[in-house]
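Colleague: Numbering (our numbering), first residue to last: -9 to 243.
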(Lines of atoms letter the chains of each structure in order from A and count residues from 1; the text may use other names and numbers.)
(Lines give C-alpha, C1' and ligand atoms only; values in the text may rest on other atoms or scores of the structure.)
Protein backbone atom coordinates (compact mmCIF):
# COMPACT_ATOMS: atom_id res chain seq x y z
CA UNK A 1 0.00 0.00 0.00
CA UNK A 2 2.88 2.37 0.78
CA UNK A 3 4.06 2.15 -2.83
CA UNK A 4 0.60 2.85 -4.21
CA UNK A 5 0.44 6.04 -2.15
CA UNK A 6 4.00 7.00 -2.94
CA UNK A 7 3.92 7.24 -6.70
CA UNK A 8 1.03 9.67 -7.17
CA UNK A 9 2.97 12.12 -5.07
CA UNK A 10 5.39 12.24 -7.99
CA UNK A 11 2.66 14.12 -9.81
CA UNK A 12 2.26 16.54 -6.92
CA UNK A 13 5.70 17.94 -7.59
CA UNK A 14 4.55 19.17 -10.95
CA UNK A 15 1.24 20.63 -9.84
CA UNK A 16 0.66 24.13 -8.65
CA UNK A 17 -2.17 26.59 -8.36
CA UNK A 18 0.17 29.23 -9.75
CA UNK A 19 -0.38 30.02 -13.48
CA UNK A 20 1.81 28.14 -15.93
CA UNK A 21 2.06 28.94 -19.62
CA UNK A 22 0.71 26.15 -21.80
CA UNK A 23 3.17 27.05 -24.56
CA UNK A 24 6.81 26.67 -23.55
CA UNK A 25 9.35 29.16 -24.82
CA UNK A 26 13.08 28.41 -24.74
CA UNK A 27 15.06 31.06 -26.58
CA UNK A 28 18.34 32.93 -26.64
CA UNK A 29 17.68 36.47 -25.48
CA UNK A 30 21.27 37.58 -25.95
CA UNK A 31 24.63 35.96 -26.73
CA UNK A 32 25.05 34.65 -23.18
CA UNK A 33 21.50 34.06 -21.90
CA UNK A 34 18.75 31.50 -22.46
CA UNK A 35 15.23 32.28 -21.26
CA UNK A 36 13.24 29.21 -20.23
CA UNK A 37 9.50 29.72 -19.77
CA UNK A 38 7.53 26.51 -19.33
CA UNK A 39 7.19 23.24 -17.50
CA UNK A 40 9.98 20.76 -16.73
CA UNK A 41 9.09 18.23 -19.41
CA UNK A 42 11.64 15.94 -21.02
CA UNK A 43 10.84 17.53 -24.38
CA UNK A 44 11.71 20.96 -23.03
CA UNK A 45 14.87 19.55 -21.45
CA UNK A 46 16.01 18.14 -24.80
CA UNK A 47 15.28 21.44 -26.51
CA UNK A 48 17.36 23.25 -23.90
CA UNK A 49 20.19 20.73 -24.27
CA UNK A 50 20.29 21.26 -28.03
CA UNK A 51 20.57 25.01 -27.57
CA UNK A 52 23.24 24.75 -24.87
CA UNK A 53 25.31 22.29 -26.90
CA UNK A 54 25.18 24.52 -29.96
CA UNK A 55 26.30 27.57 -27.95
CA UNK A 56 28.30 25.85 -25.21
CA UNK A 57 31.08 28.46 -25.15
CA UNK A 58 28.79 31.48 -25.07
CA UNK A 59 25.82 30.71 -22.82
CA UNK A 60 26.39 31.18 -19.10
CA UNK A 61 22.95 32.17 -17.76
CA UNK A 62 19.50 30.55 -17.62
CA UNK A 63 16.55 32.84 -16.91
CA UNK A 64 13.68 30.64 -15.77
CA UNK A 65 9.96 30.93 -15.11
CA UNK A 66 8.40 27.58 -14.29
CA UNK A 67 5.75 26.14 -11.98
CA UNK A 68 7.38 22.72 -12.27
CA UNK A 69 6.29 19.61 -14.12
CA UNK A 70 7.88 16.19 -14.64
CA UNK A 71 10.42 15.27 -11.98
CA UNK A 72 12.68 13.36 -14.36
CA UNK A 73 12.52 16.21 -16.84
CA UNK A 74 13.41 18.56 -14.00
CA UNK A 75 16.44 16.49 -13.06
CA UNK A 76 17.47 16.36 -16.73
CA UNK A 77 17.43 20.17 -16.82
CA UNK A 78 19.24 20.35 -13.49
CA UNK A 79 22.03 18.12 -14.77
CA UNK A 80 22.38 20.46 -17.77
CA UNK A 81 22.60 23.49 -15.46
CA UNK A 82 25.30 21.72 -13.46
CA UNK A 83 27.19 20.41 -16.50
CA UNK A 84 27.33 23.80 -18.23
CA UNK A 85 27.94 25.74 -15.00
CA UNK A 86 24.99 28.04 -15.58
CA UNK A 87 23.94 30.97 -13.46
CA UNK A 88 20.19 30.77 -12.81
CA UNK A 89 17.92 33.80 -12.60
CA UNK A 90 14.36 33.21 -11.38
CA UNK A 91 12.29 35.71 -13.34
CA UNK A 92 8.67 35.34 -12.15
CA UNK A 93 8.42 32.04 -10.28
CA UNK A 94 10.24 28.75 -9.84
CA UNK A 95 8.29 26.10 -7.96
CA UNK A 96 8.07 22.41 -7.36
CA UNK A 97 10.35 20.50 -9.77
CA UNK A 98 11.88 23.80 -10.86
CA UNK A 99 12.91 24.60 -7.28
CA UNK A 100 13.91 20.99 -6.59
CA UNK A 101 16.15 20.44 -9.57
CA UNK A 102 16.97 23.69 -11.41
CA UNK A 103 17.70 26.13 -8.59
CA UNK A 104 19.59 23.49 -6.60
CA UNK A 105 21.81 22.65 -9.58
CA UNK A 106 23.37 26.11 -9.83
CA UNK A 107 26.01 27.62 -7.56
CA UNK A 108 24.91 31.13 -8.56
CA UNK A 109 21.18 31.86 -8.26
CA UNK A 110 19.40 35.20 -8.29
CA UNK A 111 15.71 35.48 -7.45
CA UNK A 112 14.40 38.62 -9.14
CA UNK A 113 12.46 41.25 -7.25
CA UNK A 114 8.93 40.00 -6.65
CA UNK A 115 9.66 36.49 -7.96
CA UNK A 116 8.38 33.40 -6.14
CA UNK A 117 10.62 30.49 -5.09
CA UNK A 118 8.99 27.53 -3.38
CA UNK A 119 9.25 23.81 -2.66
CA UNK A 120 6.48 21.34 -1.82
CA UNK A 121 7.89 17.83 -1.79
CA UNK A 122 10.34 15.27 -3.09
CA UNK A 123 11.00 11.57 -3.37
CA UNK A 124 11.00 11.15 0.42
CA UNK A 125 7.76 13.11 0.91
CA UNK A 126 5.54 10.17 1.97
CA UNK A 127 7.57 9.75 5.15
CA UNK A 128 5.87 12.93 6.37
CA UNK A 129 2.73 13.62 4.37
CA UNK A 130 -0.04 11.16 3.53
CA UNK A 131 -1.96 11.08 0.29
CA UNK A 132 -5.07 12.27 2.08
CA UNK A 133 -3.24 15.39 3.28
CA UNK A 134 -3.02 16.58 -0.31
CA UNK A 135 -6.75 16.33 -1.01
CA UNK A 136 -6.74 19.30 -3.39
CA UNK A 137 -4.81 17.27 -5.96
CA UNK A 138 -6.95 14.13 -5.96
CA UNK A 139 -8.17 14.88 -9.49
CA UNK A 140 -4.58 14.61 -10.71
CA UNK A 141 -4.21 11.24 -9.00
CA UNK A 142 -7.44 9.91 -10.43
CA UNK A 143 -6.32 10.77 -13.95
CA UNK A 144 -3.00 9.06 -13.32
CA UNK A 145 -4.50 5.84 -11.97
CA UNK A 146 -6.84 5.52 -14.94
CA UNK A 147 -3.71 4.60 -16.90
CA UNK A 148 -1.71 2.61 -14.32
CA UNK A 149 -2.88 -0.87 -13.25
CA UNK A 150 0.35 -2.80 -12.82
CA UNK A 151 1.80 -2.63 -9.29
CA UNK A 152 5.16 -3.80 -10.63
CA UNK A 153 5.23 -0.80 -12.94
CA UNK A 154 4.43 1.49 -10.01
CA UNK A 155 7.22 0.01 -7.88
CA UNK A 156 9.72 0.28 -10.73
CA UNK A 157 8.85 3.91 -11.28
CA UNK A 158 9.08 4.66 -7.57
CA UNK A 159 12.50 3.06 -7.18
CA UNK A 160 13.80 4.94 -10.20
CA UNK A 161 12.60 8.25 -8.77
CA UNK A 162 14.16 7.60 -5.36
CA UNK A 163 17.46 6.45 -6.86
CA UNK A 164 17.80 9.23 -9.39
CA UNK A 165 16.87 11.98 -6.94
CA UNK A 166 19.48 10.76 -4.44
CA UNK A 167 22.12 10.61 -7.18
CA UNK A 168 21.10 14.06 -8.40
CA UNK A 169 21.59 15.76 -5.04
CA UNK A 170 24.88 13.94 -4.50
CA UNK A 171 26.05 15.30 -7.86
CA UNK A 172 25.03 18.93 -7.28
CA UNK A 173 26.19 18.96 -3.65
CA UNK A 174 22.91 20.05 -2.05
CA UNK A 175 21.13 18.38 0.87
CA UNK A 176 18.18 16.40 -0.47
CA UNK A 177 16.17 17.44 2.60
CA UNK A 178 15.63 20.88 1.07
CA UNK A 179 12.64 19.38 -0.74
CA UNK A 180 10.77 18.19 2.34
CA UNK A 181 11.78 20.15 5.47
CA UNK A 182 8.58 22.19 5.26
CA UNK A 183 6.45 19.11 5.83
CA UNK A 184 8.44 17.71 8.74
CA UNK A 185 7.28 17.68 12.40
CA UNK A 186 7.41 21.12 13.98
CA UNK A 187 7.17 22.95 10.66
CA UNK A 188 4.25 21.37 8.85
CA UNK A 189 1.80 22.40 11.59
CA UNK A 190 2.87 26.03 11.13
CA UNK A 191 2.37 26.08 7.37
CA UNK A 192 -0.28 28.37 5.95
CA UNK A 193 0.46 27.82 2.26
CA UNK A 194 1.16 24.93 -0.10
CA UNK A 195 4.69 26.05 -0.99
CA UNK A 196 7.53 26.70 1.43
CA UNK A 197 11.03 28.12 1.49
CA UNK A 198 13.65 28.86 4.15
CA UNK A 199 15.64 31.76 5.51
CA UNK A 200 18.86 32.62 3.68
CA UNK A 201 21.14 31.08 6.30
CA UNK A 202 19.27 27.76 6.19
CA UNK A 203 19.42 27.70 2.39
CA UNK A 204 23.17 28.26 2.58
CA UNK A 205 23.65 25.46 5.12
CA UNK A 206 21.70 23.11 2.83
CA UNK A 207 24.18 23.89 0.05
CA UNK A 208 22.44 26.60 -1.96
CA UNK A 209 23.88 29.96 -3.01
CA UNK A 210 20.86 32.19 -3.61
CA UNK A 211 20.68 35.98 -3.73
CA UNK A 212 17.26 37.63 -3.41
CA UNK A 213 16.75 41.03 -5.01
CA UNK A 214 14.01 41.66 -2.45
CA UNK A 215 15.29 42.26 1.06
CA UNK A 216 12.80 39.60 2.15
CA UNK A 217 11.64 36.60 0.16
CA UNK A 218 8.37 37.09 -1.69
CA UNK A 219 5.51 35.13 -0.14
CA UNK A 220 2.56 36.68 -1.98
CA UNK A 221 1.39 36.25 -5.56
CA UNK A 222 0.73 39.38 -7.65
CA UNK A 223 -2.95 39.27 -6.64
CA UNK A 224 -2.02 39.26 -2.94
CA UNK A 225 -2.62 35.57 -2.13
CA UNK A 226 -0.05 33.89 0.10
CA UNK A 227 1.65 31.13 -1.87
CA UNK A 228 4.92 30.55 0.04
CA UNK A 229 5.65 30.03 3.73
CA UNK A 230 9.22 31.12 4.50
CA UNK A 231 10.52 29.30 7.57
CA UNK A 232 13.20 30.77 9.81
CA UNK A 233 14.95 27.75 11.28
CA UNK A 234 17.51 27.92 14.08
CA UNK A 235 20.74 25.94 13.78
CA UNK A 236 19.60 23.64 16.58
CA UNK A 237 16.21 22.99 14.97
CA UNK A 238 17.77 22.37 11.56
CA UNK A 239 20.27 19.94 13.04
CA UNK A 240 17.43 18.04 14.73
CA UNK A 241 15.36 17.91 11.54
CA UNK A 242 18.27 16.71 9.42
CA UNK A 243 19.15 13.97 11.90
CA UNK A 244 15.52 12.84 11.96
CA UNK A 245 15.32 12.83 8.17
CA UNK A 246 18.55 10.88 7.78
CA UNK A 247 17.33 8.30 10.30
CA UNK A 248 14.01 7.89 8.49
CA UNK A 249 15.60 7.78 5.06
CA UNK A 250 18.14 5.16 6.08
CA UNK A 251 15.42 3.07 7.73
CA UNK A 252 13.32 3.08 4.55
CA UNK A 253 16.16 2.21 2.16
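Built from N, CA and C at the ideal position, the CB exists for glycine as well. Please read these numbers as outputs of a predicted model, since none were measured by experiment.
I'd like to know whether the C-beta atoms of residue 201 and residue 99 end up nearer to each other than 8 Å.
Modeller: yes
Colleague: Based on the DSSP output, what are the partners of residue 216 in its beta bridges?
Modeller: 210
Colleague: Please report the Cβ distance between residue 30 and residue 67, rounded to the nearest whole angstrom; I am assuming they are in contact, meaning their Cβ atoms lie under 8 Å.
Modeller: 6 Å
Colleague: Counting only the same chain and skipping the five closest in sequence on each side, list residues whose C-beta sits under 8 Å from that of residue 217.
Modeller: 7, 8, 106, 108, 183, 184, 185, 209, 210 and 211
Colleague: According to DSSP, is residue 229 helix, strand or coil?
Modeller: helix
Colleague: How would you label residue 17, buried or exposed, when you count the other beta carbons within 10 angstroms and need 16 or more for buried?
Modeller: The residue in question, residue 17, is exposed, as its Cβ has fewer than 16 Cβ neighbours within 10 Å.
Colleague: Give me, in chain order, the residues of the same chain whose beta-carbon lies closer than 6 Å to that of residue 235; leave out the 5 immediate sequence neighbours on both sides.
Modeller: Residues of the same chain with a CB within less than 6 Å of the CB of residue 235, apart from the 5 flanking positions on each side, are 167 in chain order.
Colleague: Give the DSSP-derived three-state secondary structure of residue 186 in the structure shown.
Modeller: For residue 186, the three-state secondary structure derived from DSSP is strand.
Colleague: Between residue 71 and residue 53, is the Cβ-Cβ spacing less than 8 Å?
Modeller: Going by C-beta atoms, residue 71 is not nearer than 8 Å to residue 53.
Colleague: In the DSSP assignment, find the unbroken alpha helix (DSSP H) run with residue 34 in it and report its ends.
Modeller: 32 to 44
Colleague: Strictly by DSSP, which residues pair up with residue 104?
Modeller: Its beta-bridge partners do not exist; DSSP assigns none.
Colleague: I believe residue 34 touches residue 63 by the beta-carbon criterion, under 8 Å. Please report the beta-carbon distance rounded to the nearest angstrom.
Modeller: 7 Å
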